[in-house]
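First up is the structure itself, then whatever we jot down about it.
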């Protein structure tokens, strides 16, 4: 959330699954906590608690069945509409001076196409990620030629892995609607992104 806010995002949709109510509670106002802090004259903590819930406008949608990242993104279609949008996976934490998402947004402004954040991984770990085969364009920018979802070491075109940060054009929704379940029987975002190439 902090990375999104630091990148200039003003509205966030969090897609949750079963037993994830604690995520909503974490970013919601806590009247009881605020009253307790106020009563104990802990103004600095009170301000911090209020700031957390006021960082950004947060919405929630539940993905009723775990059908993959592609399906989770499809759940956001009505919310997103016809605008490019960012996807941030919460289990990928990126610490950088300029927020990773801001870097992707700047790249999108220049290239006007879907943008993927990437990282290098150990060759023996390529089967845990979507892997990229690309052509160097400039500085740290590559044009993607091919994406492979969780390949074996022998099938991996590189050790450049998709990081859980994306800027995606709304055309992806049509592609996801027509994407058959892939690895693990899930609708894979990587498969849909491969169609965009």
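Residue numbers (UniProt numbering): 1 to 197. Here a beta-carbon is modelled for each residue, glycine too, at the ideal position from N, C-alpha and C.
Between the beta-carbon of residue 167 and the beta-carbon of residue 108, is there less than 8 Å? Contact flag set, yes.
If the criterion is Cβ atoms closer than 8 Å, does the pair residue 143 and residue 135 meet it? The answer is yes: Cβ separation under 8 Å.
Could you check what DSSP says for residue 90 in three-state terms: helix, strand or coil? In the structure shown, residue 90 sits in coil (DSSP, three-state: anything other than H, G, I, E or B).
Counted within 10 angstroms of its Cβ, other Cβ atoms place residue 191 as buried (16 or more) or exposed: By the 10 Å Cβ count, residue 191 comes out buried.
To the nearest angstrom, report how far apart residue 170 and residue 153 are at their CA atoms. So the alpha carbons of these two residues sit roughly 32 Å apart.
Reference residue 124; option with closest CA among 158, 110 and 95: Checking every option, the nearest Cα to that of residue 124 belongs to 158.
Cutoff 7 Å; reference residue 7; Cβ partners in own chain excluding five residues on either side: Only 99, 101, 102 and 105 meet the Cβ criterion.
Would you decide whether residue 114 is buried or exposed? Buried here means 16 or more other CB atoms lie within 10 Å of its CB. With 16 or more other Cβ atoms within 10 Å, it is buried.
With a Cβ-Cβ cutoff of 8 Å, do residue 4 and residue 86 count as a contact? Note that the C-beta distance between residue 4 and residue 86 is below 8 Å.
CA-to-CA distance, residue 163 to residue 139, given in whole angstroms: Approximately 18 Å, taken between the alpha carbons.
Tell me, please, which residues DSSP counts as bridged to residue 206. Because the chain is modelled from 1 through 197, residue 206 falls outside the range shown and cannot be assessed.
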